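Participant: Dropping a structure here in structure tokens format, bear with me for questions.
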Amino acid sequence: MFRILLLFIIIVPALEIALLLLSGRTLGLIPTVLLIIGTGILGAWLARKEGAETIQKVNRQMQTGQMPGEAILDGLCILVGGVVLLTPGFITDAVGFLLLIPATRKPFKRWIKKFLERRMNNGQFMFIRR
Numbered sequence: 002m003f004r005i006l007l008l009f010i011i012i013v014p015a016l017e018i019a020l021l022l023l024s025g026r027t028l029g030l031i032p033t034v035l036l037i038i039g040t041g042i043l044g045a046w047l048a049r050k051e052g053a054e055t056i057q058k059v060n061r062q063m064q065t066g067q068m069p070g071e072a073i074l075d076g077l078c079i080l081v082g083g084v085v086l087l088t089p090g091f092i093t094d095a096v097g098f099l100l101l102i103p104a105t106r107k108p109f110k111r112w113i114k115k116f117l118e119r120r121m122n123n124g125q126f127m128f129i130r131r
């Protein structure tokens, strides 16, 4: 897992730099910078909107005595998507928007569920009860 994460940390920024340079050469400096700023602003607005809706959904489910598992996964995806969108780059922007849009968030939520289930089944997950 650590090796994959390390590889990801090295490869993604290199690809982002290459795409930014290509965009700067193709579109020009000003349009590229405006595109980066625009996606950041749009992403922040979308994250705030989706986050507020998810918080309301969690509150409604808690008030009715339901466990808000899906809503918590939505919140996690929205948080990560919002943070990723604030980092400059086209790859991270694409991933961030995929995490923020409800229809495209579902595959990420399935992956998170499977990841957590594997951890729990392998005994790599610790429950602390108070």
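End of the sequence shown = 131 in our numbering, gap-free, step of one. C-beta atoms are modelled at their ideal positions from N, C-alpha and C, and glycine is treated no differently. If you're wondering where the values come from, they're calculated on a predicted model, not measured in any experiment.
State the Cα-Cα distance for the pair Thr93 and Arg119, rounded to the nearest angstrom.
Facilitator: As a first step, residue 93 must be located in the sequence shown, where it is residue number 92. As a first step, residue 119 must be located in the sequence shown, where it is residue number 118. Thr93 and Arg119: Cα-Cα distance of roughly 27 Å.
Participant: On the criterion of 16 or more Cβ atoms from any shown chain inside 10 Å, does Thr40 qualify as buried, or is it exposed?
Facilitator: Indexing the sequence shown from 1 puts residue 40 at position 39. Result: buried.
Participant: Can you check whether the CB of Leu21 is closer than 8 Å to the CB of Gly76?
Facilitator: As a working mapping, residue 76 is identified with position 75 in the sequence shown. As a working mapping, residue 21 is identified with position 20 in the sequence shown. Cβ atoms of Gly76 and Leu21: not closer than 8 Å.
Participant: By the 10 Å Cβ neighbour count, where 16 or more other Cβ atoms means buried, how is Arg106 classified, buried or exposed?
Facilitator: Here residue 106 corresponds to residue number 105 of the sequence shown, with the count starting at 1. When all chains shown are included, Arg106 counts as buried.
Participant: Can you tell me the Cα-Cα spacing of Pro69 and Met63, whole angstroms?
Facilitator: Here residue 69 refers to the residue found at position 68 of the sequence shown. Here residue 63 refers to the residue found at position 62 of the sequence shown. For Pro69 and Met63, the distance between alpha carbons rounds to 7 Å.
Participant: Any idea what DSSP makes of Gly44, helix, strand or coil?
Facilitator: Residue 44 sits at position 43 when you count from the first residue of the sequence shown. Gly44: helix per DSSP, three-state reduction.
Participant: Rounded C-beta distance between Gly97 and Leu80? I'm assuming under 8 Å.
Facilitator: Against the sequence shown, residue 97 aligns to sequence position 96. Against the sequence shown, residue 80 aligns to sequence position 79. The pair is not a contact, with the Cβ atoms about 11 Å apart (cut-off 8 Å).
Participant: Does the separation of the CB atoms of Ala72 and Val59 fall below 8 Å?
Facilitator: As a first step, residue 72 must be located in the sequence shown, where it is residue number 71. As a first step, residue 59 must be located in the sequence shown, where it is residue number 58. Yes.
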